[in-house]
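Trainee: This is the structure I want to talk about, given as structure tokens.
In our numbering, the protein residues as written are -17 to 169.
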């Protein structure tokens, strides 16, 4: 048992690095990333908080100076000022090579610098700290509720194996597994 726990603990770090690496490359290389979304917002109707920080006073129609000579890797960027596109790339870190962004992300994670929320313009760690007590409380209460119901029910099912009670509770449990968890949360 001790070898199993030791092996699992030793696999924890490589697994975490693998998940972080896979997540990073999927997000960075997938189409429709943050630069594409910002460009779509600039060429569309609405304008979010992050867009106005980059575009500043050049938002809306003023930011869309028509320059036919601009060649860009972003499909929706035709007609946008190249300096604006460079500012957007710089804001999201896309002005640096992929490996630099990856190692910067790892360094920031090790220093617990999770960046700034584009939605609320506040540090992400501050937002997590603010909401952590409620999350812990919900987790502990749900754990308490689950164990106060499931342990006595498991004992009762084991004692009355094959009875009507066993059949009804098994049916109830199967239905509970079939219902998505968010529906339980709503009701």
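Just so you know, even glycine gets a beta-carbon here, dropped at the ideal spot from N, CA and C.
(1) Quick check: the Cα distance between residue 96 and residue 141, rounded to an integer number of angstroms?
(2) Check this for me: beta carbons of residue 17 and residue 65, under 7 Å apart or not?
(3) I need the straight-line Cα distance from residue -11 to residue 13, nearest angstrom please.
(4) If you draw a straight line from the alpha carbon of residue 63 to that of residue 73, how long is it in whole angstroms?
(5) To the nearest angstrom, report how far apart residue 168 and residue 162 are at their CA atoms.
(6) Use the C-beta contact count for residue -17: other C-beta atoms within 10 angstroms, 16 or more gives buried, fewer gives exposed.
(7) Can you tell me where the alpha helix (DSSP H) with residue -15 in it begins and where it stops?
(8) Does residue 24 pass the burial test, meaning 16 or more other C-beta atoms within 10 Å, or should it be called exposed?
(9) For residue 106 versus residue 99, is the C-beta distance shorter than 7 Å?
(10) Hey, would you say residue 139 sits closer than 7 Å to residue 151, going by beta carbons?
(11) Would you mind reading off the limits of the alpha helix (DSSP H) that contains residue 78?
(12) Are the CB atoms of residue 91 and residue 6 within a distance shorter than 7 Å?
Mentor: Working from what's here:
(1) 51 Å
(2) no
(3) 38 Å
(4) 16 Å
(5) 10 Å
(6) exposed
(7) Start and end: -16 to 11.
(8) Counting Cβ neighbours within 10 Å, residue 24 comes out buried, since at least 16 surround it.
(9) Using a Cβ distance threshold of 7 Å, residue 106 and residue 99 count as a contacting pair.
(10) yes
(11) Segment: none, residue 78 is in no alpha helix (DSSP H) and carries neither H nor E.
(12) no
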